[in-house]
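Chains as they are written, first to last, in this note's numbering: chain A, 744 to 1173; chain B, 742 to 1091.
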């Protein structure tokens, strides 16, 4: 295709994209819609920047918002029925849910009018007026939590990118490997009572289980199929089937109810200069960051890491220089799946553990690896950080339900403009 | 024990429900969408993972035009605008991304489909698309007013009443939409049949087999791919429109990525690159799904499967698991499906 046609088509696409965004940007508010609303407050003080989530009886997410400056929130609902409103947090320092009350309220909307919902919160030693932090401070906080989400997406994405690198497979079941980690961790915590200080043990076992899952998938499914000379496209379709199988197995055996880890229920915030986050977030950021560093060292400095990169670059050349390609691929599956499991557990810590979490993160992961460059682990890290950060920070200006649009738009533009991504080198044109 | 099971199972209901669904509107719409996808994937080799974007474009294009009452709110113009919207979607997917390698095309199409769905769902488009509630508005739906009325009530040539017997008894609305749906399936299949026998079809198939060879013969591969995308897309959008008429409303939940993969399963089950593939695929698919769901339901209800293994409200998930297993195993052991040719069903990426 000629350069001009390419230019013209990019232009048309851009214009169409803008056209699509135009009505979105023009805020249209209808006044007689059915909503659930409320004000998050402690005593007489309102709390801004707290996330509220509404799900319906089937646990489909109806909407999520962050409370405004005045502590108010409102989420439209599709019709009458039972809804669960969850206070996701974070709550400011010293504020917690009253003893005996919960962070989840079930409401039954029986008539066509907005329903008000309140949470019973209590402030430590009746603190005086809570100050609403200035805008820049809230933006800073949003950016830090964007960093956190970015680290998590990076963790979850590395495996997909590495597996693509060594085998050429776009694994649609990868996001279910992420969900698997979270569900296993939750199951462990609730059945073994490994809570509080023993929780790292839960994470460790979940990571090991994730590695086992990767081993099983390569040993039992993808390895043999690859040796049968199935094409990568066929294998991709197989992985889609596998994704549905896993997702709905999780639904049946984990249940439709979103759950949170017992050790990390609603936490009050911990301040660090102007930054205020729940205590668990510092923990999550530290663990994710360290893991990513370790992954980098493993890839750059160890023999296994070198062979992974070699197979990724050129399998034939790697094989002829004495690298056991099949063994390397096996390790990539184990390693990538373990990282996905860790990422899933961490995502479960920050939000909720639910059967749909794989479906929700799948396109974020795809966006991350295409942005960074499919096949490169460092690309996945950079892409994950960027996508997570951009989509999370965008909620400061945009509606919460539009944050995925940012990620998808980035992915589409990257695929069209620079298909090999930021760090990729592969030829992607057909 | 086994005797006991047979005594508990209502065989008539089992076959009746399965048969009913396999000739119903749902099967017709899935077949129609699969005919469109068949042109993309089966004949042209385009890995379109955004089939649902075309269905959504057709359904929403029609519903928005009608509920907004543009140009007097004629239903025929509304349908035409749904089809036009599908062409726009085909152009905006195709112009920039048809150059991409197959797996990247797959990612781009699935992403564009999600962008479309999330935009339709956005609170900010509430006045146009009804946001998460869809169209028509809640008030209209409570008053039983829908864009489907003109087609299913006013223009319905079938007198009021129920037709057929046993489990195959349909009311006049359903019967009419079924007739429309299956007629469109036949017309679309005929169109594809004709196209594939024409010089155009030979170029399309040549592109699937070897794009560079087609290019070397002086064919404008990009343009042919784009035409294929548009024609298949319009057919798939008709499926979205028929489904909207059947249900009487459109909602973004109907257009989640899983619908795309349902249609992929239908196509691969029937056999890609064959005229009968989508039709046989869709009927078989729905028969198998409903049959197994109903069998499981009866086995759970009669206590044959203990609650600990499967609860009755989990049975709906079994459909998705079955779909996943079907998709994966077919791809491994029978990529040509029920009626396809093996040599035409192998798609590779160079």
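Beta carbons are placed, not taken as given, at the ideal position from N, Cα and C, and that holds for glycine.
The C-alpha of residue 916 (chain A) lies about 15 Å from the C-alpha of residue 963 (chain A). Annotated three-state conformation of residue 1074 (chain B) is helix, per DSSP. Not a single CB atom of chain B sits nearer than 9 Å to the CB of residue 886 (chain A).
By the CB criterion at 9 Å, residue 1157 (chain A) and residue 1105 (chain A) fall outside the cutoff. Per DSSP, residue 914 (chain B) lies in no beta strand (DSSP E); the unbroken alpha helix (DSSP H) holding it starts and ends at 913-938.
Comparing alpha-carbon positions, the option among A:1063, A:842, A:905, A:796 lying closest to residue 1082 (chain A) turns out to be A:905.
Contact between the stretch 834-843 of chain B and the stretch 887-897 of chain B is absent: fewer than three C-beta pairs spanning the two stretches fall below 8 Å.
In this structure, the beta-carbon distance from residue 796 (chain A) to residue 811 (chain A) does not fall below 9 Å. Residue environment for residue 909 (chain B): exposed (fewer than 16 other C-beta atoms within 10 angstroms of its C-beta). With the criterion set as a beta carbon lying under 7 Å from some beta carbon of chain B, the members of the stretch 1105-1127 of chain A are 1106, 1109, 1113, in sequence order.
In terms of Cα proximity to residue 1050 (chain A), the closest of A:881, A:1039, A:1067 is A:1067. Under the DSSP assignment, residue 1075 (chain A) falls outside any beta strand (DSSP E), being part of the alpha helix (DSSP H) whose first and last residues are 1068-1093. Within the same chain, Cβ atoms closer than 6 Å to the Cβ of residue 750 (chain B) are found at 1039, the five residues on either side in sequence being excluded.
Within the stretch 759-836 of chain B, not a single complete beta strand (DSSP E) segment reaches 3 residues in length. Using a CB distance cut-off of 9 Å, residue 1058 (chain A) does not count as an interface residue toward chain B. The beta carbon of residue 1102 (chain A) lies closer than 8 Å to those of 918, 990 in the same chain, with the five residues before and after it left out. Assigned with DSSP and collapsed to three states, residue 1133 (chain A) falls in helix. Counting only the Cα atoms, residue 1012 (chain B) lies some 10 Å from residue 1020 (chain B).
When 9 Å is used as the limit between beta carbons, residue 874 (chain B) is near these residues of chain A: 776, 777, 819, 820, 821, 822, in chain order. At a Cβ-Cβ threshold of 9 Å, residue 1065 (chain B) and residue 986 (chain A) count as neighbours. Of all residues in the stretch 1129-1162 of chain A, only 1142, 1144, 1145, 1147, 1148, 1151, 1152, 1154, 1155, 1158, 1159, 1162 place a beta-carbon less than 8 Å from a beta-carbon of chain B. In this structure, DSSP gives residue 788 (chain A) an extended state, which the three-state scheme calls strand. If you draw a straight line from the Cα of residue 841 (chain B) to the Cα of residue 1080 (chain A), it is about 28 Å long.
Between the alpha carbons of residue 892 (chain A) and residue 1129 (chain A) lies a gap of roughly 10 Å. Restricting attention to B:1046, B:935, B:846, B:1023, the CA atom closest to the CA of residue 1159 (chain A) is found in B:846. Taking a cut-off of 8 Å on C-beta distances, the stretch 953-970 of chain B touches the stretch 784-794 of chain B, as three or more cross pairs fall below it. Contacts with chain B at 9 Å (Cβ-Cβ) include residue 988 (chain A).
When the alpha-carbon of residue 1037 (chain A) is set against those of A:1150, A:942, A:1152, A:1124, the nearest one is in A:1124.
Residue contact check for residue 1025 (chain B) against chain A: no CB pair falls below 9 Å. Beta-bridge pairing by DSSP links residue 828 (chain A) to A:797, A:848. For the pair residue 1111 (chain A) and residue 1127 (chain A), the CB atoms are nearer than the 9 Å cut-off.
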